[in-house]
Amino acid sequence: MLEVKDLRTIFTTQDGEVNAVNGISFSLLPGEALGIVGESGCGKSVSVLSLMRLIPDPPGKVVGGEILFQGRDILKMNMNDLNALRGNQVAMVFQDPLTSLNPVLTIGRQIIETILLHTERTKEQAHRRTIELLKMVGIPEAEKRLTDYPHQFSGGMRQRVMIAMALSCDPQLLIADEPTTALDVTIQAQIVDLVKQIRKDLGMAVIWITHDLGVVASCVDKLIVMYAGQIVESAPLKEFFANPSHPYSIGLLDSLPRLDSEIHQKLNSIKGLPPILVDLPDACPFLARCENKVENCGIKNPQLRQINSNHEIACWVDIKNGKA
Amino acid sequence: MKPEKKAVIQVKNLKKYFPITSGSVFQSQVGAVKAVDDISFNVYKGETLGLVGESGCGKSTCGRTILQLYRPTSGEVIFEGKDLSKLKKKELRKIRSRFQMVFQDPYSSLNPRATVNNIISEPLKIHHLCSSSEYSDRVSDLLKKVGLNPKFANRHPHEFSGGQRQRIAIARALALNPEFIVCDEPISALDVSIQAQIVNLLEELQEDLKLTYLFIAHDLSMVRHISRRVGVMYLGKLVELTDREQLYNNALHPYTKALLSAVPVHDPLLEEKRKRVILKGDVPSPANPPNGCNFNTRCPIAEKKCFEEEPAFKEVSSGTWCSCHFA
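Each protein sequence line maps, in turn, to chains A and B. Quick note, our numbering runs 52 ahead of the 1-based positions in the first sequence. Quick note, our numbering runs 23 ahead of the 1-based positions in the second sequence.
So this is what it looks like as structure tokens:
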């Protein structure tokens, strides 16, 4: 359904060109859920904003690649086609629901607006549909809350409103950009559950972006790990957790304390800091922090290579077998 | 509890209410936000006491009230036999060098116009701990201790990443050789791979300098890693306080159970098997907490009694405290 090929996004700054997204490719089948994991600044948000062509230009620019959504290239669409796509076939939920809702309009009006814009429904039908949606995402007394403003909702409820709005036109693809990061754990559990339920009911595809490996472990089918604007590992969910293979993924998993593990004395942290994405040399971006480096790592940036069925890593070293 | 344990800080019936006022000229108090409502616990020498809870439950206010950054509404905070809440300003300033704080956001807790040298030496100047010729030596010592290059002393905070800034904040807290440090969510603004670095640093320092921590966080798995004992707060009250093993293996309070089961486990096989308790609804407002037990609006096992009578925070077994009628 969605195919991204060699996507590149840059930002022009005073210090030079920042290669925020550096040639990523992935594909998504209808109804599939994909998790994109990485630290802040690794390009995960920029890559999905590029998908929707929401990168502010200037300073940002998508400079290469193709984004095929049901066979059509989003990057080549004109504004009208794009508007018909956004919010309709592809919907997005952002991290901070307070800043992504309009504070001076009631939530009812904001949702109805989306429905009227994209469908042939009358105002009355849109109104009814909105109540239906709010009930579906678990907002109590939906009829009454329709006339409330965003500030009258709590953080978790606001995120539910955002999800209701995203679902209003039955999208085929829902992009959720860190939807639970601003929420407490008990509310996060509610939202993760809600998205799982909706996916089961409506059968849409989901791209879930997060920095928390624990969140995606329960709700996606496959996983992409990003580092410095590149995909360093891509694998089906269970395969990834059973057999993480890129040194960065391994380090990330090791640096997390687990509720179910033995209490160990020291966490294995990854040393150093992520690289600055200006003028990257042709070397592995993880080189400076890697403990398994070989000569090749400093000379050429590794491409993704298959190590198992559907399991790809971008690394010269075969850590499991200790071979370069 | 072993008898040789010495309490560094004893908190007794601590309350901190923030007034809600109305009227523009003649303000009158119309209510109070009960941010911390009748909390008692001890922090023992050399231990790390974790304090967890959701946002708005009063855990940060509790930490700040203990250090007298907010003066408590009532209750006592006893440090070396003295009640901090009764001390005058001058006496308090003197004793303040013995306890320090590390804040959540290293972007706002460091003065952007001061150099690292200024930031770390300021507490030394205020408390006259060493002569001015020794400042720079002491600053390089401290920077080395937190894993930063002493050459960085003349730089400004904006030249550092989040993790490095948090190291500077820790160096500042260590400048006065404190005994007790309140860490208020020191890692939650940082990336996962950097979080582990800071936690390791805090643990190393604790061992070297015999520090005592009150570690405030919302990340239960990190708290499990770093603390010996853990207190769980909900709506201004402690609902459970116990050893780490006891809490994570055999939680008593229904809120603790729900909180633990809400923590995502990064293992899909385990995640499938796990039975999760998902709480309904949101936390009520601390300005208007429910009658009876204040968890009764979300509690899966609440009965009639819970809506009428507030459960006492009682010692259920040795070293385990819980406030639930059914514990």
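Virtual Cβ for every residue (Gly too), placed ideally from N, Cα, C.
* Quick one, which residues of the stretch 237–265 of chain A are near chain B if we go by CB-CB under 9 Å, in chain order? -> Going along the stretch 237–265 of chain A in chain order, one finds V237, T238, I239, Q240, A241, Q242, V244, D245, H263, D264, L265 with a Cβ nearer than 9 Å to chain B.
* Asked: Going along the stretch 89–102 of chain A in order, which residues come within less than 7 Å of chain B, judged by CB to CB distance?
  -> Per Cβ criterion, the list reads E91, S92.
* To do: Could you work out which residue in B:I221, B:K337, B:G259 is closest to B:L306 when comparing CA atoms only?
  => Residue mapping note: residue 306 of chain B aligns to position 283 of the second sequence, counting from 1. The question names Leu, but residue 306 of chain B in the sequence shown is Val. Ranking B:I221, B:K337, B:G259 by Cα distance to B:V306 puts B:G259 first.
* To do: Show which residues of chain B have a CB atom less than 8 Å away from the CB atom of A:L319.
  => What you label residue 319 of chain A is simply residue 267 of the first sequence in a count that begins at 1. The contacting residues are A219, V222, N223, H248.
* Can you grab the Cα-Cα spacing for the pair A:S361 / A:L304, in whole Å? => Against the first sequence, residue 361 of chain A aligns to sequence position 309. Against the first sequence, residue 304 of chain A aligns to sequence position 252. Just so you know, the alpha carbons of A:S361 and A:L304 end up roughly 23 Å apart.
* Can you name the start and end residues of the alpha helix (DSSP H) that B:D164 belongs to? -> For this step, residue 164 of chain B is matched to residue 141 along the second sequence. Its alpha helix (DSSP H) spans residues 158–168.
* Spatially closest choice to B:S144 from B:A194, B:E332, B:S108, B:I249, by CA coordinates -> Here residue 144 of chain B refers to the residue found at position 121 when the second sequence is read from its first residue. Nearest option by C-alpha distance: B:A194.
* Taking the runs of the alpha helix (DSSP H) that are 4 residues or longer, which of them lie wholly in the stretch 91–145 of chain A? -> Within the stretch 91–145 of chain A, the complete alpha helix (DSSP H) runs of at least 4 residues are 96–103, 131–137.
* Asked: Fully enclosed by the stretch 189–271 of chain B, which beta strand (DSSP E) runs are 3 residues long or longer?
  -> Taking only runs of at least 3 residues, the beta strand (DSSP E) segments lying wholly in the stretch 189–271 of chain B are 203–207, 235–240, 252–257, 260–266.
* Rounded distance between the beta-carbons of B:S45 and B:V53, thought under 8 Å -> Here the question's residue 53 of chain B lines up with position 30 in the second sequence. Here the question's residue 45 of chain B lines up with position 22 in the second sequence. Taking C-beta atoms under 8 Å as the contact rule, B:V53 and B:S45 qualify, at a distance of about 5 Å.
* Asked: Given A:L127, which residues of its chain have a CB within under 8 Å of its CB, disregarding the five upstream and five downstream residues?
  -> On the first sequence, position 75 is the one that residue 127 of chain A refers to. Excluding positions up to five away in sequence, the list reads R105, V114, G117, E118, I119.
* Asked: By how many angstroms is the C-alpha of B:K39 removed from the C-alpha of B:A30?
  -> Translated into the one-based positions of the second sequence, residue 30 of chain B becomes position 7. Translated into the one-based positions of the second sequence, residue 39 of chain B becomes position 16. In a straight line, the C-alpha of B:A30 is about 22 Å away from that of B:K39.
* Anything in chain B within Cβ reach of A:A194, meaning under 9 Å, just list it in chain order. => Along the first sequence, read from residue 1 onward, the residue named residue 194 of chain A stands at position 142. In chain order: nothing, as chain B lies at least about 15 Å away.
* **Proximity test, Cβ basis, 8 Å: B:M24 and chain A** => Here residue 24 of chain B is taken as the residue at index 1 of the second sequence, counted from 1. Any reading at B:M24 must be qualified, since the residue scores a pLDDT of 44, below 50, and its modelled position is unreliable; no value is offered.
* For B:P323 and chain A, any beta-carbon pair shorter than 8 Å? -> The residue given as residue 323 of chain B occupies position 300 in the second sequence. Nearest CB-CB separation between B:P323 and chain A: not below the 8 Å threshold.
* For B:S244 versus A:P309, is the C-beta distance shorter than 8 Å? -> As a working note, residue 244 of chain B is residue 221 in the second sequence. As a working note, residue 309 of chain A is residue 257 in the first sequence. In this structure, B:S244 lies near A:P309, with their beta-carbon atoms less than 8 Å apart.
* To do: Taking only runs that begin and end inside the stretch 252–296 of chain A, name each unbroken beta strand (DSSP E) of 3 or more residues, in chain order.
  => Runs found: 257–262, 274–279, 282–288.
* Apart from the five residues on each side of it in sequence, which residues of its chain come closer than 8 Å, Cβ to Cβ, to B:K303? -> By one-based count along the second sequence, residue 303 of chain B stands at place 280. Cβ neighbours of B:K303 beyond the five flanking positions: R321.
* Asked: Looking at the structure shown, is B:T320 part of a helix, part of a strand, or coil, going by DSSP?
  -> As a position in the second sequence, residue 320 of chain B is number 297, starting the count at 1. Secondary structure at B:T320: coil, using DSSP grouped into helix, strand and coil.
* Please confirm whether B:L237 and B:L74 have their CB atoms less than 8 Å apart. => For the purposes of this step, residue 237 of chain B is identified with residue 214 of the second sequence, where counting begins at 1. For the purposes of this step, residue 74 of chain B is identified with residue 51 of the second sequence, where counting begins at 1. Yes, Cβ-Cβ distance for B:L237 and B:L74 is below 8 Å.
* Output, in chain order, the set of chain A residues within a Cβ distance shorter than 8 Å of B:A285. => In the second sequence, the residue the question calls residue 285 of chain B occupies position 262. What B:A285 touches in chain A, judged by beta-carbon distance under 8 Å, is V237, T238, Q240, A241, going in chain order.
* According to DSSP, is A:G68 helix, strand or coil? -> Residue numbering aside, residue 68 of chain A sits at position 16 when the first sequence is read from its first letter. Strand.
* Asked: Taking three-plus beta-carbon pairs below 8 Å as touching, is the stretch 220–237 of chain A in contact with the stretch 259–274 of chain B?
  -> The stretch 220–237 of chain A and the stretch 259–274 of chain B do not touch, with fewer than 3 CB-CB distances between them shorter than 8 Å.
* Evaluate the contact criterion for the stretch 238–247 of chain A versus the stretch 161–180 of chain A: three or more CB pairs, one atom per stretch, below 8 Å. => Contact fails between the stretch 238–247 of chain A and the stretch 161–180 of chain A, because fewer than three Cβ pairs, one in each stretch, are under 8 Å apart.
* To do: Flag B:V288 as yes if its beta-carbon sits less than 8 Å from any beta-carbon of chain A, otherwise no.
  => Looking up residue 288 of chain B in the second sequence gives position 265. At least one CB of chain A lies nearer than 8 Å to the CB of B:V288.
* Return yes when the Cβ of B:L90 is within less than 8 Å of the Cβ of B:F122, no when it is not. => By one-based count along the second sequence, residue 122 of chain B stands at place 99. By one-based count along the second sequence, residue 90 of chain B stands at place 67. Cβ distance < 8 Å, so B:F122 and B:L90 count as in contact.
* Same chain, Cβ closer than 7 Å to B:S83, five either side skipped, listed in chain order -> Taking the second sequence and counting its residues from 1, one reaches residue 83 of chain B at position 60. Answer for B:S83: D207, I239, listed in chain order.
* **Bridge-paired residues (DSSP) for A:E55** => Counted from its first residue, the first sequence places residue 55 of chain A at position 3. Paired residues: A:S79, A:L120.
* To do: Tell me the start and end of each unbroken alpha helix (DSSP H) in the stretch 52–127 of chain B that is at least 4 residues and wholly inside, in chain order.
  => Within the stretch 52–127 of chain B, the complete alpha helix (DSSP H) runs of at least 4 residues are 82–89, 112–119.
* For chain B, is any of its Cβ atoms less than 8 Å away from the one on A:V267? -> Reading the first sequence from its first residue, position 215 is the one you call residue 267 of chain A. Taking Cβ atoms only, chain B reaches closer than 8 Å to A:V267, which makes this a yes.
* By the criterion of Cβ-Cβ separation under 7 Å, what are the contact partners of A:I283 in chain B? -> Counted from its first residue, the first sequence places residue 283 of chain A at position 231. Ordered by position in chain B, no residue passes the 7 Å Cβ test against A:I283, which lies about 17 Å from the chain.
* **For A:K248: DSSP bridge partner residues** => Within the first sequence, numbered from 1, the residue matching residue 248 of chain A stands at position 196. Its beta-bridge partners do not exist; DSSP assigns none.
* Just reading off the beta strand (DSSP E) that A:I328 is part of, what are its end residues? -> Sequence index remark: in the first sequence, residue 328 of chain A carries index 276 (1-based). Element bounds for A:I328: n/a, residue is neither H nor E.
* Examine chain B for any beta-carbon lying closer than 8 Å to the beta-carbon of A:S270, and answer yes or no. => In the first sequence, counting from the first residue as 1, residue 270 of chain A sits at position 218. Interface residue (Cβ-Cβ distance to chain B less than 8 Å): A:S270 is classified as such.
* Starting from A:D306 and walking both ways along the alpha helix (DSSP H), at which residues does that stretch end? -> Here residue 306 of chain A refers to the residue found at position 254 when the first sequence is read from its first residue. Unbroken alpha helix (DSSP H) run through A:D306: 299–306.
* Asked: Are the C-beta atoms of B:D305 and some chain A residue less than 8 Å apart?
  -> Walking along the second sequence from the start, residue 305 of chain B turns up at place 282. Under the Cβ distance rule, B:D305 counts among the residues neighbouring chain A, one pair being separated by less than 8 Å.
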